[in-house]
Each structure stands twice: as C-alpha cells, then as structure tokens.
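Using this note's numbering, the letters of the sequence shown map in sequence onto residues 3 to 291.
Single-structure report; data block below.
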Amino acid sequence: MSLGADIALLRQLRAEGRALVGFSIYDLEQGLGVVRAAQDERLPVLLQAGSSAFRYAGREPLAQLALALAREAAVPVGVHLDHATDPDEIGACLRLGYTSVMFDGSALPFEENVRLTRAVVASAHGAGAWVEAELAGIAGDEDESREARAGALTDPDAAARFVAETGVDALAVAVGNVHGIPAAPVALDLDRLERIARAVDVPLVLHGASGLPDADVQAAIRLGVAKLNVNTELRRALRGALLALADDPPAGDGIPALLGGAIDATQQAAREKLLAFTAAQAPTTSTSA
3 MSLGADIALL RQLRAEGRAL VGFSIYDLEQ GLGVVRAAQD ERLPVLLQAG
53 SSAFRYAGRE PLAQLALALA REAAVPVGVH LDHATDPDEI GACLRLGYTS
103 VMFDGSALPF EENVRLTRAV VASAHGAGAW VEAELAGIAG DEDESREARA
153 GALTDPDAAA RFVAETGVDA LAVAVGNVHG IPAAPVALDL DRLERIARAV
203 DVPLVLHGAS GLPDADVQAA IRLGVAKLNV NTELRRALRG ALLALADDPP
253 AGDGIPALLG GAIDATQQAA REKLLAFTAA QAPTTSTSA
C-alpha cells in the first residue's frame, strides 16, 4: 500500500468532524505497536518520527524504519516530522519521503516565522507533502513528562493572518493544552478554539492530547481539530512493559520474549487512544499518497 494520510484526507476529516491521530515513536517496538493498532481498528494514523527522536535513534535509521512500516501497513499510514526547527532537516526528511512536516517557528518573531514557514511550504508542496506550523509555543516537554502549565494562547486574528501569509496546510493551536501529563487538570479554552476555527480555513492540530479528558478532545474535534498528537501514553506503556520484566523475567534471552511485551503494550495504548478519540468515526479507505 502506498503511504497515506495526505492533506486531502486531513481536510476531509475536518469537514466530517473527525480527526487523525499522530503517534510519536522512537523505535521499532513503538512503530509496530501503533501500526498494528491502526490495522486492528481499520483507521489511518501518522507515525511521528520527529526531530527529538532522531537524537535517540538517528535520523536516517528511524526515518527509514517509519517509512517501511507505513509502506507495508494495511491501512493508510503517513510519516510526519514533528517540531522541526531546522529547514535543512525538513529538506532531508522530504527527500527521504516524509508525507508531512511540521515547522515550529513559535519561538521566532511573527514575521520571521512567516518567512521561514512560507519557504518550508514551498519546498514541501514541491515534494508532495503537507505542512503543519505553529504560532504560540505549547508548554511542556514533548519527550519526557514533567509538570507543565499552559503558557501563551493562540490569538485568532494572528492565526488568520499567519495562515493567509504562509499558505500552511494545518495549524497547531495553543488553547490551554500542554505537552506531556499536566501538573494540574487542563481546561481547554473551547471558546478560543471555536474563534480560531472560524478565522482560518485549514485543519487545526492539538498537541498534548495525552493529558486531556476524552470528552474535551472530542469537543475539540467537533470544533475543527483534525489532528491529535499522542506521545506520553506510548512511552509509559513501553516503560511499564520493560520494568515488568524485572519482576517476571522470561526464560532465556530470546529477543521476542524480551521485547514482545513492549510491542503489545504500545499496541494496546495506541488502540485505547484511537477508540477514545475516534469512537464515532467510520473507517476510511483513502490510500492516496
């Protein structure tokens, strides 16, 4: 099957009040778990092999692993570069075959963010990929759960101007969400989210979906969020499976016995999120690249 989860699918999902889940992965075990969960539920997903994960596994090895898993999957699977700040890295991933990239210029002045995002959009569209970008930075650590509280919020007027000036395909919003599991319960600013959705005509992206109540996520989907990012639950599932080996070690030293549980735990965690976030969604059969 060819790689899926193109921008047409994302727009379709937004129009139908549905969403695509992007799962951040760092290794083969997580990738296998996510793809198997997606196949079980017959739902498209994104494998997010991103900038921070490259520091662990290396760009080329992890990228090629994710791309191979996507190509062999029985459902549409896209490969997404998450939170990239280096245009050169984005270019390298586009050349490898990524189906989408995120340029994170949220730490830059508005005009500089616009200039660089516009350039990324041009190069990505030339490679047949779609682009996610960000205005207000989203608090928290995407790779390790720490106590985090929401920071700056996305301004609807600034969002409208940013989308118009960059031609970006999807916009990550800050509406009270944080990366990781928050220090205190998060209350999404759904009124702000609704204003942003009215101000822009592109699908919205909610980072930090791991720590949010399912009902809040489903409300956000109804308001225009068409992509959700999940990371923490997968890390915790893998960690739990590995720590369990100390209490009940398998006989022998076979790798399947040692790591098979990590795949199963990741698969179950991904399945739970897919079911919680897409409970009312009908399966899609789109397979366009």
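We treat Cβ as the ideally placed atom computed from N, Cα and C, and that holds for glycine.
This one's a predicted model, so the numbers in the text were calculated from it and none came from an experiment.
- With fewer than 16 other Cβ atoms inside 10 Å of its own Cβ, A17 counts as exposed.
- For G263, the uninterrupted alpha helix (DSSP H) segment begins and ends at 257-279.
- With distances taken between CA atoms, G128 lies nearest to S102 out of S102, N231, T87.
- When the five nearest sequence neighbours on each side are left out, the beta carbons in the same chain lying within less than 7 Å of the beta carbon of G242 are those of A267, in order along the chain.
- Counting only residues of its own chain and dropping the five nearest sequence neighbours on each side, D29 has a CB closer than 7 Å to the CB of A59.
- For D84, the enclosing beta strand (DSSP E) has its first and last residue at 79-86.
- Note: N231 is bridge-paired with G24 in the DSSP secondary-structure output.
- For L98, the enclosing alpha helix (DSSP H) starts and ends at 89-98.
- Taking 8 Å as the cut-off, the beta carbon of A174 is found closer than this to the beta carbon of V207.
- In the DSSP assignment, A75 falls outside any alpha helix (DSSP H), carrying neither H nor E.
- Taking 8 Å as the upper bound for CB-CB distance, P158 and I198 are in contact here, some 5 Å apart.
- Setting aside the 5 residues that flank it on each side, T280 is surrounded in the same chain by R20, A21, V23, E43, L45, each with a C-beta closer than 8 Å to its C-beta; the list follows chain order.
- Closest by C-alpha distance to N233, out of A253, L225, D216, S212, is S212.
- Here the C-alpha atom of A68 lies approximately 24 Å from the C-alpha atom of E136.
- Within the model, the alpha-carbon separation for P251 versus L110 is close to 49 Å.
- Spatial neighbours of G52 in its own chain (CB-CB distance under 6 Å, excluding positions within 5 residues in sequence) are listed in chain order as L83, D84, H85.
- E114 counts as exposed, since fewer than 16 other beta carbons sit within 10 angstroms of its beta carbon.
- In the displayed model, E18 falls within coil according to three-state DSSP, outside both helix and strand.
- Looking at the DSSP output, S102 sits in a beta bridge with H82, W132.
- Each residue's CA atom was taken as its position, placing T168 and D218 some 29 Å apart.
- In the three-state DSSP reduction, L225 falls in the coil class, being neither helix nor strand.
- A72 places its beta carbon 8 Å or farther from that of L98.
- Judged by beta-carbon spacing, L118 lies beyond the 8 Å limit of P78, meaning their Cβ atoms are not closer than that value.
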